[in-house]
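S.K.:
Protein chains: 2
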Amino acid sequence: MSHNDSSLPEPDIGLCICSNLRRATRAVTQAYDAALRPAGIRASQFSMLALLKKRGELRQSTLADLIGLDGTTLTRNLQPLLKNEWIRIDRDEDQRVRLISLTAEGHRVVGLATPLWQGVQAHFVDSLGSEQWSALLDALNGTGAVARAD
Amino acid sequence: MSHNDSSLPEPDIGLCICSNLRRATRAVTQAYDAALRPAGIRASQFSMLALLKKRGELRQSTLADLIGLDGTTLTRNLQPLLKNEWIRIDRDEDQRVRLISLTAEGHRVVGLATPLWQGVQAHFVDSLGSEQWSALLDALNGTGAVARAD
DNA sequence: AAAAGAAAAATGTATATACATCTTTTATGA
DNA sequence: TCATAAAAGATGTATATACATTTTTCTTTT
Numbered sequence: 019m020s021h022n023d024s025s026l027p028e029p030d031i032g033l034c035i036c037s038n039l040r041r042a043t044r045a046v047t048q049a050y051d052a053a054l055r056p057a058g059i060r061a062s063q064f065s066m067l068a069l070l071k072k073r074g075e076l077r078q079s080t081l082a083d084l085i086g087l088d089g090t091t092l093t094r095n096l097q098p099l100l101k102n103e104w105i106r107i108d109r110d111e112d113q114r115v116r117l118i119s120l121t122a123e124g125h126r127v128v129g130l131a132t133p134l135w136q137g138v139q140a141h142f143v144d145s146l147g148s149e150q151w152s153a154l155l156d157a158l159n160g161t162g163a164v165a166r167a168d
Numbered sequence: 019m020s021h022n023d024s025s026l027p028e029p030d031i032g033l034c035i036c037s038n039l040r041r042a043t044r045a046v047t048q049a050y051d052a053a054l055r056p057a058g059i060r061a062s063q064f065s066m067l068a069l070l071k072k073r074g075e076l077r078q079s080t081l082a083d084l085i086g087l088d089g090t091t092l093t094r095n096l097q098p099l100l101k102n103e104w105i106r107i108d109r110d111e112d113q114r115v116r117l118i119s120l121t122a123e124g125h126r127v128v129g130l131a132t133p134l135w136q137g138v139q140a141h142f143v144d145s146l147g148s149e150q151w152s153a154l155l156d157a158l159n160g161t162g163a164v165a166r167a168d
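Sequence lines, in order, name chains A and B.
The numbering of the first sequence is our numbering, which starts it at 19 and goes up by one.
The numbering of the second sequence is our numbering, which starts it at 19 and goes up by one.
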């Protein structure tokens, strides 16, 4: 068995906020993806489409801000949605701007997926209990705020 | 502005556990990646190398379990570590099994990265406060457990 | 000992993610 | 007006992620 090079106590990597977040996110994403699979949509895609349904047409950069996604990542993430014809991309008067909106197919898929989302979401909320659930959302908001404050 | 197709209240996607987790994880990962950049290593890579340093040689499948990573993902994630010669992959007596261990370079990089990790981790813990910090870790453990219980 | 089954990892394919840089278009300023 | 700067996206490149399937090796069963 190997030892530390110094006599200082090694920090506990097991408490790393980043790796704990990433591990939990992998597991939760798999659960949501599995629940949404009958609708042929993934969790990350559903969050974009549901936002477009709620807010209507959005600038691409606004969509990126709202989801907290790097702009270049959003450019890539829109491609599968386009390929499935769930969204439409139009130009603004300002020719630099792209306006994203749901197609009829997109509305249909969100409608299909929404009850599936409700089911898995309710399962998590019930299992956690509403107090740990809201503690989680609070902690995530706080943690994200710290990260973005840098 | 578009309305719901039915008169049922629309569920609030803003409270989706999955999308909130994913958003926070993106932001936090960017902060940890930025902090570790001077050592030439990413957060997800650091968590693997730090685990190997702590535990010594591990079976590939054990490593996957410990990080909570799909086995096929780990196969891919090991490639950059191999390319940088931070790890070595040996065969067990059982020729199906791969044994992963740190090289001298790997130890060196972990040593370089550890104080950087400590810095960013301390920043998050301080900013959150220890109570919200432990609430976060508890909630993440609970949530991950729910996800894996399916 | 040969066939069938199980375990471990790799491969094919698709999506998600971000940094550095580039292109296009609009706004500004001398 | 023309040059320069700024805004909005797209592209090149690299990593991260998982499902379905395949390959290799070992174990079990007959």
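Beta carbons: idealized from backbone N, C-alpha and C, even for Gly.
Remember, it's a predicted structure, so these values are computed and weren't measured experimentally.
Given a limit of 8 Å on CB to CB distance, which residues of the stretch 26 to 59 of chain A reach chain B?
M.R.: Under the 8 Å Cβ criterion, the stretch 26 to 59 of chain A contributes Glu28, Pro29, Ile31, Leu33, Cys34, Ile35, Cys36, Ser37, Asn38, Leu39, Arg40, Arg41, Ala42, Thr43, Arg44, Ala45, Val46, Thr47, Gln48, Ala49, Tyr50 and Ala52.
S.K.: So is Trp135/A in contact with chain B if we call contact Cβ pairs under 9 Å?
M.R.: True, the Cβ-Cβ gap to chain B drops below 9 Å.
S.K.: Taking the C-alpha atoms as reference points, what is the distance between Glu75/A and Pro98/A?
M.R.: Roughly 18 Å between the two C-alpha positions.
S.K.: What's the gap between the Cα of Glu149/A and the Cα of Ser79/B?
M.R.: So the two alpha carbons sit approximately 35 Å from each other.
S.K.: Any idea what DSSP makes of Ile59/A, helix, strand or coil?
M.R.: In the structure shown, Ile59/A sits in coil (DSSP, three-state: anything other than H, G, I, E or B).
S.K.: Is Val127/A close to chain B? Criterion is C-beta to C-beta, closer than 9 Å.
M.R.: So, not an interface residue.
S.K.: Can you name the start and end residues of the beta strand (DSSP E) that Asp108/A belongs to?
M.R.: Counting along the chain, the beta strand (DSSP E) containing Asp108/A begins and ends at Ile105 to Arg109.
S.K.: DSSP has Ile118/A in a bridge; who is on the other side?
M.R.: Partner(s): Leu76/A and Ile107/A.
S.K.: Counting only the same chain and skipping the five closest in sequence on each side, list residues whose C-beta sits under 7 Å from that of Ala61/B.
M.R.: Counting only Cβ-Cβ distances below 7 Å, and skipping sequence neighbours, we find Thr47, Tyr50, Asp51 and Leu54.
S.K.: Can you find a CB in chain B that lies within less than 9 Å of the CB of Asn159/A?
M.R.: Closer than 9 Å: yes.
S.K.: Here's the rule I'm using: 16 or more other beta-carbon atoms within 10 Å means buried, otherwise exposed. How should Ala45/A be labelled?
M.R.: Ala45/A should be labelled buried.
S.K.: Might you give, ordered along the chain, the residues of its own chain that have their beta carbon closer than 6 Å to the beta carbon of Arg70/A, omitting 5 neighbours on each side?
M.R.: Here residue 70/A is Leu; the residue named in the question, Arg, does not match the sequence. For Leu70/A, where only same-chain residues beyond five positions count, the Cβ hits under 6 Å are Leu120.
S.K.: Closer than 9 Å by beta-carbon distance: list the chain B residues that pair up with Leu76/A, in chain order.
M.R.: Those do not exist, as Leu76/A stays about 12 Å from chain B at its closest Cβ, beyond 9 Å.
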